[in-house]
Structure formats: structure tokens, C-alpha cells
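To keep things clear, I will list the structure first and then write my remarks on it.
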Amino acid sequence: MLLTTQQPFYQSAIKITISIDRGGTFTDVHAIVPGRSDIVLKLLSVDPANYKDAPTEGIRRVLEAATGASLPRGQPLRLDNIECLRMGTTVATNALLERKGMKSALLTTRGFKDLLRIGNQARPDIFDLSARRPDVLFETVVEVDERIIPSHPRSSQEALSTLREIDGITGEKYHVAQELDTESLAANLQVLKDQGYGSIAVALINSFACPDHELKVGEIASKMGFSVALSSQLQPMIKVVPRGMSATADAYLTPVIKSYIDSISANFEEGLAGSHGCRVEFMQSDGGLVDFRKFSGLKAILSGPAAGVVGYASTSWDEEARVPIIGFDMGGTSTDVSRFDGHLDHTFSSSISGVSIQAPQLDINTVAAGGGSILSWRNGLFMVGPESASAHPGPACYRKGGPLTVTDANLFLGRLLPEYFPKIFGPNEDQPLDRDITKKLFRELTDKINTEHGQARLTPEQVALGFLKVADESMTRPIRNLTEARGFETSSHHLACFGGAGGQHACNVAASLGISRIIIHKYSSILSAYGLALAEIVQEAQEPMAAQYIGSEKIIDLKLQGLMDRSTEQLSTQGFTKGQLRHEVFLNMRYEGSDTSLMVLKPDDGDFASAFVERHRREFNFTFERPILVDDVRVRTIASANKASEKSPLKQLKEAKIKDAPTPSQFTDVYFDSESGFIKTPVHQLRELGSNVKLHGPAIIIDETQTIVVSPNAVVHVLDTCVLIDLESAPREATYSSQVDPVRLSIFGHRFMSVAEQMGRTLQKTAVSTNIKERLDFSCALFSPDGGLVANAPHVPVHLGSMQFAVRYQHKRWLGKLKDGDVLVSNHPVSGGTHLPDVTVVTPVFKKGTDEIIFYVASRGHHADIGGILPGSMPPNSTELWQEGAAIESEKVVSDSVFNEARMRELFLDIPSQYEGCSGSRNISDNISDLKAQIAANARGIALIQNLIDEYGLETVQMYMFEIQRTAELAVRNLLKDMYHRYGGKPLEALDFMDDGTPIKLKITIDEEGSAVFDFAGTGPEVRGNINAPEAITNSAIIYALRCMIKSDIPLNQGCLSPVDIRIPKPSILSPTGAAAVVGGNVTTSQRVTDVVLKALHACAASQGCLNNLTFGIDGKVDEETGEFAPGFGYYETIAGGAGAGDNWVGESGVHVHMTNTRITDPEILEKRYPCILRRFELREATGGEGRNRGGDGVAREIEFLAPVQCSILSERRVHRPYGMEGGEAGAAGLNLWLTTDKYTGQARKVNMGGKGSVPMKVGDRVVIMTPGGGGYGTKEA
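Numbering (the numbering used here), first residue to last: 9 to 1286.
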């Protein structure tokens, strides 16, 4: 439809700028015609009855309106009257989501054919027993014979001396371990050609620094006619997995983009290339425009949303006031949020539809809450989404039998007016929105809630409003992550609202965040199209580097100048002069030993180091006294070519002569809160208000494509280009009511979980060890004043229920002895620990001005090395606890706000080294840094809790803290009741064995009230080994298994175990004595307990049942000449395997299962940091158990060492295979091999290390870990 009425304008020489955003449902068009007002159109993206292509139809209509000429559909158009044609599109996004890209192949280094299938080995949803992951984008893999390796300072120079040395573009030395075999490459490419492949992605190991092999592959493939995506050219950054996935995305999507552009080009005389001076440009994911000939699939994935960010940034920002802006784009199925502070925020790593993307893109956070989000009442909580009613059947009011949604709640409460919607609903698409069905369904849902809840008697209006409040709260979570979690005060921002549903929620979302001003542009419903008109041409250039900042300034300047020269030259070919260009210069910087890189914009004074330190302090609350490293240099060159500009809203407000709005002629009843009920509310049509008018809330403002709901405490200024809404500050009184409000309970569920999530983000960003930062082996949680778990962010399942044992132990031990400024540290099994490397930091939260503890926060992280008999502190052969490293029952790591570093060094370094054959921590500086990171994470949690208390009052917060625990209890009881009836009240039993023959036996007895006894009588005794598991681990396994059986999102807290009586024989393998070795219990026995619980519950076949814990390293030592201590190192990783199959799923291959979900270290990171070569990492084909549904395959991981190291493996399922279920066969057992040569005879040897073994590896030795497959489910059909 045409949103602005225009008279024909007959002028053949006019030059129009047309901007088009093609979305999934609508295509928005904005046109600038010199000498007249803008033309705005909104078309259906797909309307085959009327036109073939929506953008072309939009252009045709604009040309007709602007020139007065009649342009029949189907006739090729001319570009003579168009100066600039700009487009954003969701074509690439949709192709990715729907998996409708080009048939493509992946070329990668031999030994890594399954690397991108395995990915980071984590499963997307830790409570999904199927462990299902999205499919990869390529259909086949060709392994390339070539290999380049870094020159590690610890590597044997003798081993490298026979290899050709080359210089990497980072400035580091590399060696060619195998030259590129071009002959076999050409033959394999010909096979692909014969099979019909036309597009390939190339991702070779270490090509980010040494691209020569990859460039040669690309050259050969291009000559053969392939469309080629080279990972090293798309984004030359370390980490082959995301870089490789990015290349496959480009190969998969670029042909789709090219085909789409060709289809548009075919609608114009002489095509887009013969454009008669018309510039044709597309929006990229980074917020910059690019010539259509250079538009690629990888850069197109966020094309549409990026244009919206540019739109609000350009129309809301005021250069004088410099108030940062939050972008709030609420659509039908989701809401996108972003932030602008004068510069566009970019991220270089994201995951979209299961594909890791490594490319510059605007930092846009998405939450599954929109107008179509489904409303439900589950387990005593109001739930909004994540499921959506979509367009079909759509919300209930669409008259197609759909469920209640956010849109229905707004309609029911009078916030949407049916008379302003077209009559396009119902089976024949000729009826208005159905308010009656919405009323009926809300009344039915209210009856259900009142019956089940028991306490509150809610009205249907209160229920509908409650769902809107929960929806608003879910949308504030990503905004807090963009602001609070990065050191910004949320309330110091303005909220720029756009998108079809945003106007209905803007006031409430802003109020929840303490934001006082909302900006809604007049083009807010087509802001992505308008943003294209405001956008600029961008050329990105980036190169990797490896240097300390101090001392390398000249080299850095030369690299940056080279990138600027290259970008200038490329843009000059597009007709831009140097005077039209400006360069934004960045360094990707981090502290030595840390993985947290920050992309730092060059400050006005040119001091990158100070800018980096200040940003690190703001985001993480601390800095290091360490060298600052530069990983990448980047130049973003911008060509000023925006076709529209306007005054900022603040400037318009200052200059405007404001008058009162005209008296409205229409009123409607709107429900704003339960105290006031329905309020008679004026209805204004935006086009009739004019400019520079003022009105007071409450009000409904109707635009052609959206409804703006103005709350009673707001003042509205309608300006030339936007609607400005100011919320009058209304301080919330922290009133207490003993009656539980289910709406508020649902909101507190979000807020408590947000605390744990932000703690986790802080810990990940501030830690230095690979285990916490890369592998994400950590958890953060919030606890009640008695130490009971309130909220645990779902990081690592084995930590879920076990941390509360540690907090409760500290609570009892220190009761009445702690004060504000104290922080505790512990890892001992007797004090609630699981195994010694998992170090827990506990911080009490005090009532302000008193010594009363009102909460606890805690963080647990796996430290890479804490001493003991072997590097990595995961010895496979330990028999006593002292052999496993530092054991801390309870200590103050911080006392009276002072970090006790001397005591920590004593505990981690000195005391463990006093035991026979033991070393202290092999890298104490990392331990100290990680402890400080855990303390910082806890401090973040405390600040967020105090904010909650300030907002609601302590009594209210604590009441809902205990109530949220009861909610989890209710969910588990309902599950157990269902199981009681399903199995007729009969006991559920299971038995399995550890590889040493120790039985783990379980009998579950459930009663009609939903209580259960989990009795492990018959389980084996404590063992002389390290697979003993402290009781906390069994609790974690049971919480995890029960949560997996509940098919909805519930709070993770101690309430989950309230209906459960866990009985464990003492002492036993599941309840060992205090001196028993336990390092393996956390990583092997925990998995076996989980298998036993799931077997008893008849849930699924066994998964690999192990974490396959591999460690290697060397001890530190004192230099005999200097007397200085030279630190050693310890590396630790866990390795994926096969997942068990279920009744309705096939087991996933190469994935972590059950009690862990830690990532694997990227091959390029591994080889850069340690003296080794990863020779292969691939699936073990046919190792999953056969059955109606087959189990997943395990993996094979082979590492060659370039320096002498001690290498250890701690594993299970090498004897007892993962069981099948319901007739399915068992998965294959695992196998651990040591490949070496006899030092006397030179003969090659292949030695079975056993399930638990440690070997002193010499240069050239290899370890091969082959992990188990998952069990099959059901009898395989003949």
C-alpha cells in the first residue's frame, strides 16, 4: 500500500534515491524525490497473483508516482531516473534458516573432515536428551594433503629443522609439515565437478596466518569454474572452526545472493550493470553498504536488521548531548536489541541457526519474544514463548484457531483497536480481529490459574496484563546484557523503538529499565528501509598480528597504513575521492595469558593502551599488570554517501514552538493496571496531530502501520520526524505483601536467572585459563541465606546441584563470623566439592549496614592445574586425595576487602609440593587470575541483587526467592506423579558397572503424592582409585535427569530435589571417605550415575558415559644458575563421543553428553599455545549401536608432541560398552593408544594405555583417543 499520497511529477531528468528492505513478510520502500516529500510503500514480499518480485514492483510504483509515466508490470524498467538504488534483504537469512542454499563442498586439511560437524562439541540445549544439533551446510568433504604448523618456543628445534620455515602474516614463524599436493587436489576437484558441485568452501588449518596453500587451492578451483570461498580471505582470524563455518556459509549462500541479484537485474533494461550512472548497493551485516557486485552470502546474513540499527542510530543520536541509545525492534516472533553510543558496536563471533559466524557484524541480541509469542501457564509460572504462533495459524484473534499470544493480550486490554486493522482475518481473509475469542480464552485460562494457584484470585484482565509484564521482562534481559553486563548504566540511555509491535510495549519496557525517554521515528515501521537511505559505503580490511603493543607501535602503524591505502584504492575504483573517505582504526587487544580480546577504536590522543585498560576496567571491574598484546589490526573505511539527513530529536525539541494537541474525537477503554482498571483513553491519529504538539498520557496514537500505547505517567511531543515520549519519574515504593503474586513470581524467575547469567558472562570474560574462557567449564549461581540454590545458570550440568553443598558447608562453618568484604574459597570433597580442580568461590551478601547475610553468590571454575602428581591435576592413577593437588576445605581468599595472595600461593603452590612425588601448581599466576575473575563475577552478582532489593524491598525479594524454589518442586512432583501412573506404581530399577566391575545400583520408588525415594543400596564400596564420587555429584545427576524429563523450562534450584529422598550407602563409591581420591568421580562416575538414573526412568540408551579427560604438560622447576622458578604448564581437555538414541531420535555423533557441555579447544589455539600437532579429529564411523534408532558415533583425536611431556588419560567405557535400550545394541567401547618408537630398536609400537594411564611422551610420540559410541534404541527392522 502507498503510505503517502503523491501527485504525479512529470520530469524526465529527476534523480531518485530508492531504498528497499525485503523482509520475510513485507517489503518496505522509501524513496527520496528531489523537490518533494518522500514516497513510502509497504508491499507483501510474496504476492504471485500480482507481481513476481516485490523490490522490482516497489521500484515500478515509485517511478510511476515520481514521473507520472505508466509502467506496465512485466515490462523491463530503466534506471535513468534513479541515482541510487539501495537494498537490504533477508534472502540469505531465510536460506540459512530454511537450509535452502547452494549445493556445496568443503575442502579442509587431511584428518579434519568431520571438524565442522563436531564443531565445539557442545550441544545447544543441555537438557535435550537427543543432543540434536543443526545440520552442516556442506554436502561432502574433500581432504587436502597439506599441513602448516606454528613454531612453538617449547618445540624441539631438531624436530622442526627438517621442515621448511615460512613467515606468517602475523609476524610469527611457521613450518610446512606437508607441502600442498596439487595433483591429487585437481583430481578431487574434478570428481566434485563431475558430481555437479559448483560452490566450494576452503578452510585449511592455520591459513589465517599462512594463506598460501589456501590461495593456491582457490586459484586451481576458480580456473575449473568453481565459486570459491576462502576462509583466510573472508576473515583472517585465528580459530579454524568458526572461520571454516563462515566459509561454508559464504559458499552456501553467495550463489543464492547472486541468483537473487540476477533475478532483479533481469527486470531492468541492460541489467543492473548497465545502470547509466545509478549506484546499486546492498546493506551488509556490519551496517555498511557495498556495491552489488561485491555483495556476498556471509556478509548478507544480518542485512535487514543491520539497516534498522543504522536507521535508529542516524535518527536518534544527538552529537551534543551524546546520550547512548538502545535500539528496540519488536516484531512478530522475536525482538532485536542493540546499542549505539556514537559508534556502531560490532561483534566478530556469533552463532546463527547453529552456524558459527566469524565476520564483522552489528552486535544485535535477539530474544524469542514478539507479538506472536504463545502465552501459557506451566508449573505455577506465566510463560511467554519461546514458541510462536507465527503467521499460520497466528494469534487467536486471527480467527484461524491459534493460541493466545502477546497480540491477544494487547487486544483484550484495549491496546489494539480492531477498527484500525484491515479485514484480512479468518479462513476467507475477509474478517476483522476477533476480540470475542480472545475474551473467551483468557477467561478459561484465568479459571485454570485460579484453580491451580490457590492463593490469588485473578481477573482475566490481570492475567492478560501479567503476561504482558512477563513479556516485557523477558525483553529487558538482553538489554541488561548490553548495558549492565558491560559496565553501562541502563537508565542513562534513551530507547529507540521500531518494528510493528514495539509501540505497544515501549513505555513499559523503558519503565522497567529506568529509562526516561523513548524515541519513535515517523518511519519506525519501515526504519530498515529508511536506514538504507541514511547508510554509508563501507570497506572493511583486517589482518592478524602477534605482537606486544608497547614496542611495536611503528610496525602497527605500517600495517594500519597499508590497510588504509588498500581500502582507499578499492573505493577509488567506485568513484570516491580521498576527500570523501574517513578511516576508523582499530586494534584487537588483550592481556598476555588472557583470551578476552577487545576491539579498541583509536582514541583522539592515539593512546590505544590506555583506551584498552579503561575499557577493560569498565567492563570487568579490574585490570592486569601484564603486557598488552595485539591480535589483529583493522581499518573500517567509510565513504560518505548518505542520501538523507535530519535534525536530531533533541535539537528539534529545542527549536520547536510547542502547542497543545487538538482535542481528540475518539476515546477507548484501555487497561493499564489493576488499581485503575480500564481508563477512558484518547485516541489520536498521528497524521492528524501535525508537528510540534504536546499531549499527556494515557493515550493511543495510531499510525498507518503501528499502534503506540502511551502510559498515564508520560508526556508526548510529536515533532517533525518523530514521537518523543518522556516518562515522568514515579519512584516505586518497595511494599511487601505476604500473598504470592504469580505474575511477580514469573518476573522474579527472570531476574534471578539474569543475575546468574551475568555472573557467568563476567567470569568467562575475565578468567585467563583456557578451561574457563574457551571450554566454558564453570558455573555461577545465587543462593538463599541458608545456602539453598535459588538460580543456577545452565552452564555445566555436574555443577547444577552440587554447588549448594559447598555453600551450605561454608554457611554452617562460618555462621556469625563473616563480615562485608569477606570472600571464601574451597574445593575439598568434605566441604561440598566434586573434585579438586573445580574451585568454588563463595561471597556472602549482607543487608546494608548490618551483619545479616541475606544471600550468597558463588562461582565454580575448573582450574587448569592445582598441583599434584601429574600436570593438569587429573591423574588417572591417583589413590589418595593429596596426590590430586591443593585441597582447600575453607579459607578466606579475601578478608576485609583485601585479596590474600600470600595465603593463596601457600595453598596452591607450597603445601601441595610438600607431598611425596607432588608438585605445587604449575602456573600459579593463572590460579591467582582466575580466583580474581571468580571474585569479580560474584561482585557483579551482588550488585545486581542489591539493585533488586532497592527496587522491590528485601522481604519481597526473599519471599519470591523461596517461592521460586517451591515452583521447581511442583514441576518435579507433577513429573513423578505422571511416572507413578505410567508404571502402575511399580519400582523402577537399573544396574550398570564401572570398568573395574564396581556396580552402581538404583531402585526408584514413587508414591501417589509425587514423592520418590532414590535408593542406591547395592552400589559398590569405595575403590582404591580415583573414581569415587562425593555425594554432591549424585545429587547433580538426579537433578539433571529429572530436568531432562520435564518438557518445559523450569527454575533450576534446590526445589527440584525437595520431593526426592536420596539414599546412598556410606561409605561407598558414591559417598567416599574424606581421604579418598575423587578426581575421576566428577568426570566418569557422574556419567555412569546419570546413565543408571536414565535407564531406570526408561528415558534413552546410554551415551558415551565418559568425558575422556586428556591432560599433558610439564612440571615447573628452579633454574640452577639463576635460582628463578620457571613455571611449567598443564593442558586439560575433555573429548566428545556418541549420544544414546531414544524412542524418537537418532543419537548425535561427536557431541558432549549429560554431565558436561564443555567446549573443545580450537585446533589453531591448541597448536599456538602448546608444543604439539593435532594430527586428526574426526568421527569413528559405525561405532554407534545399531537399532531402530542408531546411536551416535564416537570420535578419534590424535595428537603428536613436539616436546617431552607427561600425557595422561582418565576415561571409562573401555570395558563395559554403552547399553542399548528396547532391543537396541550397545555402542562401541573406547580405546586409548600410545604411538611411539622403541628407543633401542627403532621399531614402531602401538600400545594400549588402558582406560586410565599416564605415559612420559618423547618428541614425535602420539596419543590417540578413540571415544565410545552411543547405544541404539529399539530392534532394528530387517
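Think of the CB as a built atom: it goes at the ideal place given N, C-alpha and C, for glycine as much as any other residue.
The structure presented is a predicted model; accordingly, all values stated were derived computationally and were not measured.
Classified as exposed, Phe686 has fewer than 16 neighbouring CB atoms from the shown chains inside 10 Å of its CB.
As the crow flies, the alpha-carbon of Phe1022 is around 12 Å from that of Leu1102.
Inside the segment 266-321, DSSP marks whole beta strand (DSSP E) runs of 3 or more residues at positions 287-291, 297-299, from first to last along the chain. Bridge pairing for Pro690: Phe675 [DSSP]. Phe756 and Glu963 have their C-alpha atoms spaced approximately 13 Å apart. Less than 8 Å divides the Cβ of Gly809 from the Cβ of Leu1065. A distance below 6 Å between beta-carbons, with the five flanking residues on each side excluded, links Val1223 to the following residues of its chain, in chain order: Asp1003.
For Met597, the uninterrupted beta strand (DSSP E) run begins and ends at 589-599, by DSSP. Met912: member of the alpha helix (DSSP H) spanning 909-913, first to last residue. Taken in chain order, the unbroken stretches of alpha helix (DSSP H) that lie wholly in the segment 455-492 and span 4 residues or more are 468-490. In terms of Cα proximity to Tyr406, the closest of Pro430, Tyr991, Gly507 is Pro430. Rounded to whole angstroms, the gap between the alpha carbons of Asp153 and Ile1041 is 45 Å. In the structure shown, the three-state DSSP call for Glu897 is coil. Taking the C-beta atoms as reference points, His803 is found nearer than 8 Å to Phe786.
Pairing Gly1018 with Pro1067 gives a Cβ-Cβ distance under 8 Å. Leu490 and Ser346 have their alpha carbons spaced roughly 7 Å apart. As computed with DSSP, Met245 is found in no beta bridge at all. Tyr320 is positioned such that its CB atom lies closer than 8 Å to that of Leu535. By the Cβ rule, the segment 490-509 does not count as touching the segment 774-792, because fewer than three pairs are nearer than 8 Å.
Following the DSSP letters along the chain, one finds Glu91 inside the beta strand (DSSP E) bounded by residues 90-97. In this structure, Ile972 places its C-beta atom within 8 Å of the C-beta atom of Pro1059. Under the DSSP assignment, Gln550 falls in the beta strand (DSSP E) whose first and last residues are 545-556. Rounded to the nearest whole angstrom, the C-alpha separation of Asp1269 and Glu633 is 38 Å. The secondary-structure analysis by DSSP pairs Val638 across a beta bridge with Ala555, Met597. Membership of Thr148 in the beta strand (DSSP E) is indicated by the continuous run 148-152.
Residue pairing by DSSP places Lys1011 opposite Glu997, Asp1023 in a beta bridge.
A Cβ-Cβ separation of about 26 Å leaves Leu540 out of contact with Val517 under the 8 Å criterion.
A distance below 8 Å separates the beta carbons of Ser881 and Gly1138. By the criterion of at least three beta-carbon pairs nearer than 8 Å, the segment 427-444 is not in contact with the segment 469-477. With respect to Phe813, Leu790 sits apart: the two C-beta atoms are not nearer than 8 Å. For Trp822, the secondary structure class from DSSP, reduced to helix, strand or coil, is coil. By the beta-carbon neighbour count (other beta carbons within 10 angstroms, threshold 16), Gln369 is buried.
Across the set Thr117, Leu784, Thr851, Thr467, the C-alpha of Thr467 shows the shortest separation from the C-alpha of Glu683.
Taking the CA atoms as reference points, Gly1195 sits about 12 Å from Asn1152.
Look at Ile861 here: in three-state DSSP terms it is strand. With a cutoff of 8 Å on beta-carbon distance, Tyr988 and Ile1014 are scored as near each other.
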